[in-house]
Amino acid sequence: MVKNKDIIVLGIESTAHTFGCGIVNSRGEILADVRGEYKPVKGGIHPREASQYFSTVAPSVITKALKEAGLSIKDIDAIAVALGPGLGPCLRTGATIARALASYFNKPLVPVNHAVAHIEVGKLLTGAKDPLVIYVSGGNTIITAYAKGRYRVFGETLDIALGNCLDTFAREAGIAPPYIVKGYHIIDHYAMKGKRILDLPYVVKGQDVSFSGLLTAALRLLKQGYALEDVCLSFRENVYNMVVEVAERGLAHTGKKEILLVGGVAASPILRSKVEIMAAYHNAKVYLTPPKYSLDNGVMIAWTGLLAYAHGVTIAIEESYVKQRWRLDEVDIPWMKD
Amino acid sequence: MDEGLKLIKRGAEAYLYLIDFHGFKAILKKRIPKDYRHPEFDIKLRQRRTINEARMLYYSKKAGVPVPTVLDVDVDETYLIIEYIDGIVLRDLIDKGVSEDVVRNVFTHVGELIGKLHSNSIVHGDLTTSNMILYNNTLFFIDFGLSEKSNELEDQGVDLHLMLRSLESTHPEIAYRAFNYVLKGYAKVMGREHTLRVRDKVKEIRMRGRYVEERRRKT
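Taken in sequence, the protein lines are chains A and B.
Going by the working numbering, the letters in the first sequence line up with residues 1 to 338, in that order.
Going by the working numbering, the letters in the second sequence line up with residues 1001 to 1219, in that order.
Now the structure itself:
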């Protein structure tokens, strides 16, 4: 065997709506990225139906990934899998497939936290080294940064997530789906025509935010007959400003000089421009994860699995149970240094 | 207010200047505009917080919690002038390394002060070791911009949850020990029964969203 041979890791993502298989090497090259996305006919994700869809597409997704990389399973050094956080049935399907691969082909199994993976793939693709991370998606709103061995949580939502708050408002207001039009959230399109700021609850508690009261209050204004455009403007200002404020507090607190935006809502041009203005105050540089990799994918699991594997992290198959609510700050990060 | 201003801290939402206020050393805390906010939104928020902070500092002082005295308020210009506390920020003290005795004494006292606030229907809203200053053996609480009047269990729980979370993120080595001392001090003021209820509330708040790992273990 050649010395200094690249490590190659195959990663499996199945925490929510996407069954993804990615293959990366230790130079950070993406060798394969194949995804099967479960699209519900109506409504939100049905976990059982998603997991059934996953078990149907998994063999072809994995085969296609190996083919795309021009590799055989023999060339793979380790199998990484997202064990959480996520939806139980979905996680279990991915975990079962990963365990089977690891066991049958005698490969080490590497546990990966989905949230950590979002951050690590963002760092890989943007070049950010030690950022304050704003992780905003349909299911997550977390401000985090590395300190003393782990990603520490410096702020988060006390109730619903930012993406969930935006989408629920739009749906209840009767202006969605579709939620995203020409790159902007539908709420932003209406907000552009808004003329005045209406009073709505702006709930920042320490470094945490709370959206549920704001959502209810904004919908109430609509019922009371206030102009949709004004409500959208006021609502949007509250939602984004709250997140930017807690991010700014986190930045001041940690003294980091980089900000990394990750997650599905990170692509919002309005949020991004607010973050950029804020960052300029602190001479911090803003990095945006490419939208394609802000969505769930197997590459981020493979890459994080590779970092972990290179630092000796593996898990025995009999211990590799899924953790639906696996916290970001429960995971040791041996590849970062203080 | 431009003469003789010495900027001593650029916080996330306000700049702090050291000034001479009729012979007293004082802090001018100016809430600065944020370009990322809609202008109308920005001024409303800064004015609301300025009034609120002055008011809550006054209530807290009346409740017997050491806080800087409010000397002047200008709502239009969104600044307040408060007494200067020339002590050491608790976060820095702990980062220097302190003995178990100091951890016990300081955090028990922190708990007592939180209890005093809560027993007077005040929640601080931003309890971190950066917002506590030790001066002449007296512990001062500062930064009341997010404080409110409330005696709801939920708000008291969130207050202590914020304390715990800031300990976890800033002082992970001592976080759980320190928080237990906080609860002990808190119980001295609020009584054991109420403290247990607030502690359960903190647990519940932590179990929302991402915190359910603990719930899974419990069931």
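The C-beta atom is built at its ideal place from N, Cα and C for all residues, glycine as well.
Could you pull the start and end residues of the alpha helix (DSSP H) that A:G155 belongs to? Per DSSP, A:G155 belongs to no alpha helix (DSSP H); it is in the beta strand (DSSP E), R150 to E156.
Are three or more beta carbon pairs between the stretch 321-336 of chain A and the stretch 100-109 of chain A nearer than 8 angstroms? no
Can you list, in chain order, the residues of its chain whose CB lies under 6 angstroms from that of A:L233, leaving out five sequence neighbours each side? A191 and G194
Which residues in the same chain as A:V261 place their Cβ atom closer than 6 angstroms to its Cβ, once the five residues preceding and following it in sequence are excluded? The question names Val, yet the displayed sequence has Leu at residue 261 of chain A. Same-chain partners within the cutoff: I134 and L288.
Mind pulling the chain C residues with CB within less than 7 angstroms of A:Y202? The structure shown contains no chain C; the protein chains it does contain are A and B.
Using beta carbons (cut-off 7 angstroms, strictly below), is B:H1038 in contact with chain A? yes
A:V275 versus B:T1128: straight-line alpha-carbon distance, rounded: 24 angstroms
So what does DSSP say about A:P111, is it helix, strand or coil? strand
Among A:M242, A:R92 and A:T126, which one has its Cα closest to the Cα of B:K1034? A:M242
B:K1096: buried (16+ other C-beta within 10 angstroms of its C-beta) or exposed? exposed
Less than 7 angstroms between the C-beta atoms of A:N164 and A:L200, yes or no? no
Give me the Cα-Cα distance between A:A161 and B:F1024, rounded to the nearest whole angstrom. 46 angstroms
Is there a Cβ from chain A that is less than 7 angstroms from the Cβ of B:A1012? yes
DSSP has B:D1200 in a bridge; who is on the other side? The partner list for B:D1200 (beta bridge, DSSP) is empty, contrary to what the question assumes.
Less than 7 angstroms between CB atoms is the rule here; does B:D1242 satisfy it with respect to chain A? As displayed, chain B neither begins before 1001 nor continues past 1219, which places residue 1242 of chain B out of reach and without an answer.
Output the residue ranges of the alpha helix (DSSP H) runs that lie fully inside the stretch 1050-1114 of chain B and measure 4 residues or longer, sorted by chain position. 1090-1095
Would you say A:K337 faces chain B, with C-beta separation under 7 angstroms as the test? no
At which residues does the alpha helix (DSSP H) containing A:K274 begin and terminate? P269 to Y281
How close, in whole Å, do the beta carbons of A:I186 and A:I175 come, if the pair is a contact with beta carbons under 8 angstroms? 5 angstroms
Can you tell me whether A:R196 is helix, strand or coil according to DSSP? coil
CA-CA distance, A:V116 and A:G138? 16 angstroms
Indicate whether at least one CB of chain B lies closer than 7 angstroms to the CB of A:A409. Outside the displayed span of chain A (1 to 338) sits residue 409 of chain A, for which this structure offers no information.
Determine the burial state of A:A316: buried for a count of at least 16 other Cβ atoms within 10 Å of its Cβ, exposed for fewer. exposed
A:G305 to A:V112 span [Cα, whole Å]: 6 angstroms
Which residue marks the beginning of the alpha helix (DSSP H) containing A:V231, and which one marks its end? L228 to T254
Within chain B, partners of A:E237 - CB distance below 7 angstroms: R1037, H1038 and F1041
Euclidean distance between Cα positions of B:G1115 and A:K292: 49 angstroms
Partners in chain B for A:F211, counting only beta-carbon separations shorter than 8 angstroms: Near A:F211 there are no residues of chain B at all, since even the closest Cβ is about 11 angstroms away, more than 8 angstroms.
Does the pairing of the stretch 1143-1159 of chain B with the stretch 1097-1111 of chain B give three or more beta-carbon distances under 8 angstroms? no
Please compile the residues from chain A whose C-beta is within a distance smaller than 8 angstroms of the C-beta of B:R1197. Here the premise fails: no neighbours, minimum Cβ distance about 19 angstroms.
Please confirm if B:V1067 has its CB atom under 7 angstroms from at least one CB of chain A. no
Report all residues from its chain with a CB closer than 8 angstroms to the CB of A:F169; omit the five preceding and five following residues, and keep chain order. I187, L215, A218, L219 and F235
Do A:E49 and A:H17 count as a contact pair if the criterion is CB distance below 7 angstroms? no
From B:Y1211 to B:E1168, what distance separates their C-alpha atoms? At B:Y1211, the pLDDT of 37 sits below 50, so the modelled position is not reliable; the number obtained from the coordinates is stated separately. Their backbone Cα atoms lie some 14 angstroms apart in a straight line.
From B:R1216 to B:H1022, what distance separates their C-alpha atoms? Any reading at B:R1216 must be qualified, since the residue scores a pLDDT of 41, below 50, and its modelled position is unreliable; the value itself is stated next. In a straight line, the C-alpha of B:R1216 is about 59 angstroms away from that of B:H1022.
Residues within the stretch 278-302 of chain A neighbouring chain B, beta-carbon criterion of under 9 angstroms: M278, A280, Y281 and H282
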